[in-house]
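A.B. asks: One structure coming up, written as structure tokens, with questions to follow.
In the working numbering, the protein residues as written are 47 to 569.
Structure follows, in structure tokens:
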């Protein structure tokens, strides 16, 4: 799992990187500044959206709460690049919003009025925040629900208002969860390629892509990738330090409050409006726009090719989910049975893959697979046979390997947490009865962790269906997945022809997300 990172570091050190020197002297500072600004804006936006939503739905009763509990998770099924495509189509100069404003007010040129420039760092930050806030919302809401109810009761008895209780009691206790959710959002922001590329925002991710495919300089791309890895690892270290030094103790609940604050009057409608506005902007408007395009252009869109692309995405996602879950199960089981320091370290190392952007992993995976291809072909020629060609680096195998390196971490984290809840006495009792380690895993551990394992597998499936950079960079000639199909048409300003493929990506992610949200509520 860590091989791509070692390969990147090695290539960055020994490669010439001719383009890197030019980039360093000219535009590298711009790439770094844009990346930092983008992550900062996204962090501010997701905190302003996710934390208030989490507190409202965990501690207040208002109209529509039961509906919003699960509906506010739906934007996770909507890839940021699809939201970016739909809003650009709506808000661009030739879009229906600006056309309507010009007709209504009699404006004739852009100089007559000011309008928000969607193709900018600010626009990219808004698009990313709209689909990534559920990470902060889910983690923070779970933290609020787990807080000791007596603390809230004490604050109310002392006359604290809901707002004061939020800032003085709930927020400090949820600090670790908020930081973890925000760190995850920032990693996703750094990894994003399609949104910033479509908005022509130059970040380190687009720099890696352009250097690799534009200048054919893999060594320079590796050097830029190492800069991104350093930033991501810094985030991981900060998150680890935050979790280690939580500071505030939050004992188990001694009581449960079904309703902390019942909102009435204008407060009730304000809470409803806030939740409704977020859902409208993050999910309903893009989904309705895509549905409208799909209905109007269905005859032009539907073809056997689209079905083939959907099958390609589905097969890759299923294989990735199955293999990633199997690897995580073996790693977690061995860690529990052996519990050596090196195994614990290898499990943590395998869990860092999710934090690494897909464009970076693509380089790290391609190089060893190319070396393996060359070695196998040389061996075949030496044995008197014809070379096999690029059976590893030039096939779907490369895409699946990249997905495994990135998404196995999801299953690792989930299964590691589930294994910690299994009492060691069960293992001792099974061993006393002569149960082997293999039977212990299949007959005792697996039934106990199957729910969290299913959630992890579904998450990996959804993420694999949405993943664009790895498929875009490593796909064989004339091979498409749904994300690459959508990206191709959207890049040519033909979103209407990509609408059905985008809807397929969204629909595939909806059912697992609803299941995951209900699983969290159940727990």
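Think of the CB as a built atom: it goes at the ideal place given N, C-alpha and C, for glycine as much as any other residue. Note that this is a predicted model, so its numbers are computed, not measured.
1) Might you give, ordered along the chain, the residues of its own chain that have their beta carbon closer than 7 Å to the beta carbon of residue 490, omitting 5 neighbours on each side?
2) Among 553, 371, 400, which one has its Cα closest to the Cα of residue 20?
3) Return yes when the Cβ of residue 317 is within less than 8 Å of the Cβ of residue 121, no when it is not.
4) Tell me whether residue 308 sits in a helix, a strand or coil according to DSSP, three-state version.
5) Please name the residue in 185, 141, 554, 241 whose C-alpha comes closest to that of residue 96.
6) Within its chain, find whatever has a CB closer than 7 Å to the CB of residue 240; leave out the 5 residues flanking it on each side and keep chain order.
7) Residues in its own chain within less than 7 Å of residue 238 by CB, not counting five upstream and five downstream?
8) Can you name the start and end residues of the alpha helix (DSSP H) that residue 530 belongs to?
9) Measuring CB to CB, does residue 400 end up less than 8 Å from residue 455?
10) On the CB-based measure, 16 or more other CB atoms within 10 Å of its CB, does residue 326 come out buried or exposed?
11) Once DSSP output is grouped into helix, strand and coil, what is the label at residue 107?
12) Count the other CB atoms within 10 Å of the CB of residue 479; is the residue buried (16 or more) or exposed (fewer)?
13) If you reduce the DSSP assignment to three classes, tell me which class residue 153 lands in.
14) Taking the alpha carbon of residue 265 as the reference point, which residue from 66, 176, 277 has its own alpha carbon closest?
15) Let me know if residue 94 comes out buried or exposed under the rule of 16 or more other beta-carbons within 10 Å of its beta-carbon.
16) Return yes when the Cβ of residue 50 is within less than 8 Å of the Cβ of residue 410, no when it is not.
17) Does the beta-carbon of residue 342 have 16 or more other beta-carbons within 10 angstroms, so that it is buried, or is it exposed?
18) Here's the rule I'm using: 16 or more other beta-carbon atoms within 10 Å means buried, otherwise exposed. How should residue 234 be labelled?
19) Check residue 301 in the structure and name its three-state DSSP category.
20) For residue 217, which option in 187, 242, 232 has the closest C-alpha, if you only look at C-alpha atoms?
21) Just the Cα atoms here: how many angstroms apart are residue 296 and residue 193?
22) Can you tell me whether DSSP reads residue 497 as helix, strand or coil?
C.D. replies: By the coordinates alone:
1) Taking the chain shown and counting its residues from 1, one reaches residue 490 at position 444. So the qualifying residues of the chain are 472, 476.
2) As displayed, the chain neither begins before 47 nor continues past 569, which places residue 20 out of reach and without an answer.
3) As a working note, residue 121 is residue 75 in the chain shown. As a working note, residue 317 is residue 271 in the chain shown. No, the Cβ-Cβ distance between residue 121 and residue 317 is not below 8 Å.
4) Working through the chain shown from its first residue, we reach residue 308 at position 262. Three-state DSSP puts residue 308 in a strand.
5) By one-based count along the chain shown, residue 96 stands at place 50. Ranking 185, 141, 554, 241 by Cα distance to residue 96 puts 185 first.
6) Indexing the chain shown from 1 puts residue 240 at position 194. Taken in chain order, the residues that qualify are 127, 514, 533.
7) Along the chain shown, read from residue 1 onward, the residue named residue 238 stands at position 192. Excluding residues within five positions, the ones whose Cβ falls inside 7 Å are 126, 174, 251.
8) Counted from its first residue, the chain shown places residue 530 at position 484. Here the alpha helix (DSSP H) through residue 530 covers 528-537.
9) Taking the first residue of the chain shown as position 1, residue 400 is located at position 354. Taking the first residue of the chain shown as position 1, residue 455 is located at position 409. In contact: residue 400 and residue 455 (Cβ atoms closer than 8 Å).
10) Here residue 326 corresponds to residue number 280 of the chain shown, with the count starting at 1. Classification for residue 326: exposed.
11) Looking up residue 107 in the chain shown gives position 61. Reduced to three states, the DSSP call for residue 107 is strand.
12) Within the chain shown, residue 479 is the residue found at index 433, counting from 1. Exposed, by the Cβ-count rule.
13) Locating residue 153 in the chain shown gives position 107, where the first residue counts as 1. Looking at residue 153 - three-state DSSP - the assignment turns out to be coil, as it is neither helix nor strand.
14) Translated into positions along the chain shown, residue 265 becomes position 219. It is 66 whose Cα lies nearest to the Cα of residue 265.
15) As a first step, residue 94 is located in the chain shown; it is residue number 48 there, counting from the start. Exposed: under 16 other Cβ atoms inside 10 Å.
16) Here the question's residue 410 lines up with position 364 in the chain shown. Here the question's residue 50 lines up with position 4 in the chain shown. Contact flag set, yes.
17) Numbered from its first residue, the chain shown carries residue 342 at position 296. It is exposed - the Cβ of residue 342 has fewer than 16 other Cβ atoms within 10 Å.
18) Translated into positions along the chain shown, residue 234 becomes position 188. By the neighbour-count rule (16 or more Cβ atoms within 10 Å), residue 234 is buried.
19) Here residue 301 is taken as the residue at index 255 of the chain shown, counted from 1. With a pLDDT of only 47 at residue 301, under the threshold of 50, the placement of this residue in the model should not be trusted; the figure read from the coordinates follows. DSSP places residue 301 in coil when its eight states are reduced to three.
20) If you number the chain shown from 1, residue 217 lands on position 171. Of the candidates 187, 242, 232, the one whose C-alpha sits nearest the C-alpha of residue 217 is 187.
21) Indexing the chain shown from 1 puts residue 296 at position 250. Indexing the chain shown from 1 puts residue 193 at position 147. At residue 296, the pLDDT of 48 sits below 50, so the modelled position is not reliable and the matter cannot be decided from this model.
22) The residue you call residue 497 lines up with position 451 of the chain shown. Of the three classes helix, strand and coil, the one that applies to residue 497 here is helix, per DSSP.
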